[in-house]
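One structure below.
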Amino acid sequence: MKKDEIELLGQAIGNYVAKSTKTIWVDKKTMQIATMMIDAYGDTVYVWVEEDGDHCRVSDGGRILFKLDPNEEDHELNETAEEIAVGSGYEFDEDHFEIYVDVDQQNLAQAVMKLAQLQVAISYLG
1 MKKDEIELLG QAIGNYVAKS TKTIWVDKKT MQIATMMIDA YGDTVYVWVE
51 EDGDHCRVSD GGRILFKLDP NEEDHELNET AEEIAVGSGY EFDEDHFEIY
101 VDVDQQNLAQ AVMKLAQLQV AISYLG
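Following the UniProt record's numbering, the numbering of the sequence shown begins with 1 at its first residue and continues without gaps.
Now the structure itself:
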């Protein structure tokens, strides 16, 4: 492929991702993003973004681990998921089993897509 063909392919990929990603405002500060990612159960992966001043919290809302272990009985699963999340640069709320990261606006899109990918990976633990 020539350089201009590679650039066009990159643009086409970006356009596909943009068309395949749906965002709705839940309230004045919170967005729910239906990503193009599909988890191990065949479900769409969602990411929540809450604006807070000059940064945003990007979160799974605790949903991926709730889906895998709704009664919070599998301690090994939760510990493994925490290790994967922290090792990927995310925070883990042990009380709510939520995976999150605080980022500035400049890094928001990357954080959303990486968290969606992380949720897909964790979904295969179940």
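Think of the CB as a built atom: it goes at the ideal place given N, C-alpha and C, for glycine as much as any other residue. Nothing here was measured: the structure is a model prediction, and the numbers come from that model.
Test item: CB-CB of residue i and residue j under 8 Å
{"i": "Leu108", "j": "Val26", "result": "no"}
{"i": "Asp39", "j": "Val120", "result": "yes"}
{"i": "Glu98", "j": "Asp60", "result": "yes"}
{"i": "Thr35", "j": "Thr21", "result": "yes"}
{"i": "Leu125", "j": "Ala85", "result": "no"}
Strand pairing of residue i, partner residues [DSSP]
{"i": "Arg57", "result": "Glu50, Asp102"}
Beta-carbon contacts of residue i that lie in its chain and below 7 Å, excluding the five residues immediately before and after
{"i": "Glu91", "result": "Tyr100, Val101"}
{"i": "Val17", "result": "Met36"}
Continuous beta strand (DSSP E) stretch holding residue i: start and end
{"i": "Glu91", "result": "91 to 93"}
{"i": "Asp22", "result": "Checking the sequence shown, residue 22 turns out to be Lys, not Asp. Segment 22 to 25, the beta strand (DSSP E) holding Lys22."}
{"i": "Met36", "result": "30 to 38"}
Cα-Cα separation between residue i and residue j, rounded to whole angstroms
{"i": "Val47", "j": "Val103", "result": "14 Å"}
{"i": "Leu118", "j": "Gln11", "result": "24 Å"}
{"i": "Ile33", "j": "Val112", "result": "8 Å"}
{"i": "Lys19", "j": "Leu8", "result": "16 Å"}
{"i": "Gly87", "j": "Leu65", "result": "17 Å"}
{"i": "Glu50", "j": "Lys3", "result": "38 Å"}
N- and C-terminal bounds of the alpha helix (DSSP H) containing residue i
{"i": "Thr80", "result": "75 to 87"}
{"i": "Leu68", "result": "63 to 68"}
{"i": "Leu108", "result": "108 to 123"}
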